[in-house]
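In what follows, a structure is listed as structure tokens, so that the remarks can point back to it.
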Amino acid sequence: MVYLKHLKKIAQNKERFSCPVLHGVAAALVVLLFCGTLFGLFLHSAFDTDATVSESENRTLAEMPRVSLKTLSDGSFMTDFEAYYADTFPRREYFLTLNQKISAIFSGVHGKDDVVLVAKTEKDDFAGQDIDYDE
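Below, the structure is given as structure tokens:
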């Protein structure tokens with residue numbers, strides 16, 4: 002019973018100090034920040050020149066697919082467009098580097114200059130074959 006009285010007292014104090022205008026302003030700021038971020042990424046993506054080669058991955062990036070009735074009807078346009086956008090996402094190299102750093106922190110595997118040191122085990126993780134380290 003004492004607990005219920007205490008909860009009622011807390012609820013009354015909340016109503017007294019509650020400010021609905023402040024909550025509305027905070028919600029509007031969160032919505033504006035989210036929409037602003039999305040709009041900023043859109044503008045950056047629309048007006049940025051696309052990279053053609055990724056030096057960190059040592060490969061050619063996907064090109065913008067051509068639109069035709071055939072590619073739209075068989076679904077290959079969307080598949081190719083997803084690959085293209087994943088390769089040309091704004092600030093892609095920065096996010097890849099950030100991902101590698103975070104992965105290194107959480108996994109405990111640290112490499113330098115794309116070289117990763119692996120402890121010797123009896124079997125290869127993928128094929129179950131012996132690993133020959135003497136080569």
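Heads up, the sequence shown is in this note's numbering, so the first residue is 2 and it goes up one at a time.
Backbone N, C-alpha and C define an ideal beta-carbon position, used for all residues, glycine too.
Just so we're clear, the structure is a prediction, and the values are computed from it rather than from any experiment.
Ordered along the chain, which non-local residues of its own chain (more than five positions away) have a Cβ less than 7 Å from that of F82?
Excluding sequence neighbours, F82 sits near P66.
Closest by CA to E56, which one among T98, K102, I11 and I106?
Here the closest residue by C-alpha is T98.
Can you give the beta carbon distance from T89 to L70, rounded, assuming they're within the 8 Å contact cut?
About 25 Å separates the two Cβ atoms, so there is no contact after all.
Where does the unbroken alpha helix (DSSP H) through L70 begin, and where does it stop?
Its alpha helix (DSSP H) spans residues L70 to D75.
By how many angstroms is the C-alpha of V32 removed from the C-alpha of M79?
Those two C-alpha atoms are separated by around 30 Å.
Relative to the alpha-carbon of N59, which residue among L5, F107, L8 and E94 has its alpha-carbon at the smallest distance?
Taking only the C-alpha atoms, the option nearest N59 is E94.
According to DSSP, is T50 part of a helix, a strand, or is it coil?
It is coil, neither helix nor strand.
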